[in-house]
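Residue numbers (numbering that gives the first Met the number 0), protein chains in the order written: chain E, 0 to 130; chain P, 0 to 130; chain Z, 0 to 130; chain G, 0 to 130. For glycine and all other residues, C-beta sits at the position ideal for the given N, C-alpha and C. Written below as structure tokens is the structure these notes are about.
There are 4 protein chains.
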Amino acid sequence: MAHIFRVRVYYSDTDAGGIVYHARYLDFAEHARTELLRSISEDKEDLSLLKLAFVVKSLSVDYNQSAFLDDLLEIHTTVEQAKRFSLTFLQRVLRNGEEIATLRVKVGSINVETAKIEPIAGWILEAAERL
Amino acid sequence: MAHIFRVRVYYSDTDAGGIVYHARYLDFAEHARTELLRSISEDKEDLSLLKLAFVVKSLSVDYNQSAFLDDLLEIHTTVEQAKRFSLTFLQRVLRNGEEIATLRVKVGSINVETAKIEPIAGWILEAAERL
Amino acid sequence: MAHIFRVRVYYSDTDAGGIVYHARYLDFAEHARTELLRSISEDKEDLSLLKLAFVVKSLSVDYNQSAFLDDLLEIHTTVEQAKRFSLTFLQRVLRNGEEIATLRVKVGSINVETAKIEPIAGWILEAAERL
Amino acid sequence: MAHIFRVRVYYSDTDAGGIVYHARYLDFAEHARTELLRSISEDKEDLSLLKLAFVVKSLSVDYNQSAFLDDLLEIHTTVEQAKRFSLTFLQRVLRNGEEIATLRVKVGSINVETAKIEPIAGWILEAAERL
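Next up, the structure:
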């Protein structure tokens, strides 16, 4: 079951082509992943207490349709692959059920104090596998 | 021979992780592609007179190293594939010769007035093939 | 009575100083003004049907406290002055009741098709005066 | 004599109104102030070595004209007031000599390690007064 995050498109998200600027989908997707992690960690330890952060290792985007000012978008996020040091998210951006863009984002886990890679906590991997 | 575009990293490009925010590389790459097109069209017709615009159809990014505040980056751009309706750019982000990130960006050509796809002008394809 | 709009702070809003980048408050404030206008126009004519847009003429910001990653901010917006061709908003950014920043933003009304100034619709001025 | 910094307008700087998004002028102005500080510190100690950073305390902007995609803008920056703990910059954004926007930005000096306010180094104040 995908995690769903809603985004309203404002002027700051658009460009002179009259559409959502293509890089802004990465921001939207980052916000959705953060809320997904917040939702699974509510009754667990806090991510910031764990000193864990996720850095993007690679990503790909397919742009199918343009999105426009005032559009209400939904980001559907699932975890495609959960490994000891990385998570790969599949994130679909929808408008009224129509696919606007699809992102695949692979993030690695690091310790925010040492900036070194760190294994992902077990409860995150378990929760990720249920998504 | 790659087209080279230089970018200085400012506060507005960074995030609380102390590094360049991952979506900003797409902005840098867009700026580099624009300057590449400007450089090949100088003695030709102006892109805006041609009513031509390029929209991003798909892209992928590999992040190899972090970039930091005040870094001076170079974007090396070549055209990997030039077709009648699309161009695929390979864009390498370097710092002192070290590879920070690599992007592949496929853009389609549209008429800015009709927003319909339009064949890419011959002189652009010719110039693209020399890159 | 102020219009209230909530904003969560994500990585894309922060800078390498570890705080919300100072220009991002203008984005937050724009989003809040848009939602204020949406809330007063729901049972009225749609702004986009009226071909009305608002452009920022001037603004000032006082930064009192820093905001940080994951903060949940509230933007409290009131209309300080409603005139035939301009609205001046007072926008306070709060975190748990503490004042983070205060903005004063004067916008002018233009017709989106002609880009010429246009008087603000009466029902907007009336609603604005009640805020 | 003003410090001059040139900015090219790209898609990422514009919005669906077809103009430069109003908050982007704050980014441009930040970049200009950074280059001004870089220019006066070249043969002096490096700002990052001094562990000095500047945070924006307040600002105001007057928007006179719109700027558009591909515009080449100049930011003319002078120091209006140099005090022990703050600098106030006057920054004019010009296009072919025509005034697009004017900013007044007051920044305070902090120690990046302690995040506490710190007196501005004498050589910065001296250089600032010559601007």
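If you draw a straight line from the C-alpha of asparagine 95 of chain P to the C-alpha of phenylalanine 67 of chain P, how long is it?
Rounded to whole angstroms, asparagine 95 of chain P to phenylalanine 67 of chain P spans 13 Å at the Cα level.
Thinking asparagine 110 of chain E and lysine 50 of chain E are a contact (beta carbons under 8 Å), I'd like their distance in whole angstroms, please.
About 5 Å separates the two Cβ atoms, so the contact holds.
Using the Cα positions of arginine 103 of chain Z and alanine 31 of chain Z, report the straight-line distance between them to the nearest angstrom.
Arginine 103 of chain Z and alanine 31 of chain Z have their alpha carbons spaced roughly 13 Å apart.
Member of P/Ser65, P/Thr33, P/Phe53 and P/Leu93 whose CA lies at the smallest distance from the CA of arginine 83 of chain P
Among P/Ser65, P/Thr33, P/Phe53 and P/Leu93, the Cα nearest to that of arginine 83 of chain P is on P/Phe53.
Do you know whose CA, among P/Leu25, P/Asp12 and P/Ile119, lies nearest aspartate 61 of chain P's CA?
With distances taken between Cα atoms, aspartate 61 of chain P lies closest to P/Leu25.
Glutamate 29 of chain G touches chain P at which residues, Cβ-Cβ below 8 Å?
Correct list: Tyr9, Tyr10 and Ser11.
Closer than 8 Å is the cut-off here; do at least three beta carbon pairs connect the region 6-18 of chain P with the region 66-80 of chain P?
The region 66-80 of chain P and the region 6-18 of chain P touch, with three or more beta-carbon pairs separated by less than 8 Å.
Have a look at valine 92 of chain E and threonine 101 of chain E and give me their C-alpha separation to the nearest angstrom.
Their backbone Cα atoms lie some 6 Å apart in a straight line.
Reference arginine 7 of chain Z, options E/Thr113, E/Val106, E/Glu79 and E/Glu29, closest by Cα:
E/Glu29 is the residue among E/Thr113, E/Val106, E/Glu79 and E/Glu29 whose C-alpha sits nearest the C-alpha of arginine 7 of chain Z.
Could you spell out the range, first to last residue, of the alpha helix (DSSP H) harbouring aspartate 26 of chain P?
Following the DSSP letters along the chain, one finds aspartate 26 of chain P inside the alpha helix (DSSP H) bounded by residues 23-40.
Relative to the C-alpha of serine 108 of chain Z, which residue among Z/Glu97, Z/Leu124 and Z/Glu98 is closest?
It is Z/Leu124.
Helix, strand or coil for aspartate 70 of chain G, going by three-state DSSP, please let me know.
Aspartate 70 of chain G: coil per DSSP, three-state reduction.
Does the Cβ of serine 38 of chain P have 16 or more other Cβ atoms within 10 Å, making it buried, or fewer, making it exposed?
Exposed is the call here.
Would you give the residue range spanned by the alpha helix (DSSP H) that glutamate 112 of chain E belongs to?
Taken as a continuous stretch (DSSP letters only), glutamate 112 of chain E belongs to no alpha helix (DSSP H), as it is neither H nor E.
For chain P, check one thing: does any of its Cβ atoms lie closer than 8 Å to the Cβ of threonine 113 of chain G?
Closer than 8 Å: no.
Beta carbon proximity, aspartate 70 of chain G to chain P, threshold 8 Å:
So no, aspartate 70 of chain G is outside the interface.
The alpha helix (DSSP H) that contains leucine 124 of chain P, what's its start and end?
Counting along the chain, the alpha helix (DSSP H) containing leucine 124 of chain P begins and ends at 121-129.
If the cut-off is 8 Å on Cβ atoms, which residues from the region 12-26 of chain G count as contacting chain E, listed in chain order?
Listed by position along the chain: Thr13, Asp14, Ala15, Gly16, Gly17, Ile18, Tyr20 and Ala22.
When the cut-off is 8 Å and only beta carbons count, does valine 55 of chain E lie next to chain P?
Yes - at least one Cβ of chain P is within 8 Å of the one on valine 55 of chain E.
Of all Cβ atoms in chain E, is any one closer than 8 Å to the Cβ of leucine 86 of chain P?
Residue-level contact by beta carbon fails for leucine 86 of chain P and chain E, as no gap is shorter than 8 Å.
Considering Cα atoms alone, identify which of G/Leu86, G/Glu79 and G/Glu97 is closest to methionine 0 of chain G.
Sorting G/Leu86, G/Glu79 and G/Glu97 by C-alpha distance to the C-alpha of methionine 0 of chain G places G/Glu79 at the top.
Straight-line gap, lysine 105 of chain Z to tyrosine 9 of chain G (C-alpha atoms, nearest Å):
Distance from the CA of lysine 105 of chain Z to the CA of tyrosine 9 of chain G, rounded to the nearest whole angstrom, comes to 26 Å.
In whole angstroms, give me the CA-to-CA distance for asparagine 63 of chain G and glutamate 97 of chain G.
Taking the straight line joining both Cα atoms gives about 9 Å.
So who's on the other strand from glutamine 80 of chain Z, going by DSSP bridges?
Under DSSP, glutamine 80 of chain Z forms a beta bridge with Z/Thr87.
Examine chain G for any beta-carbon lying closer than 8 Å to the beta-carbon of alanine 52 of chain Z, and answer yes or no.
It does; some Cβ of chain G falls within 8 Å.
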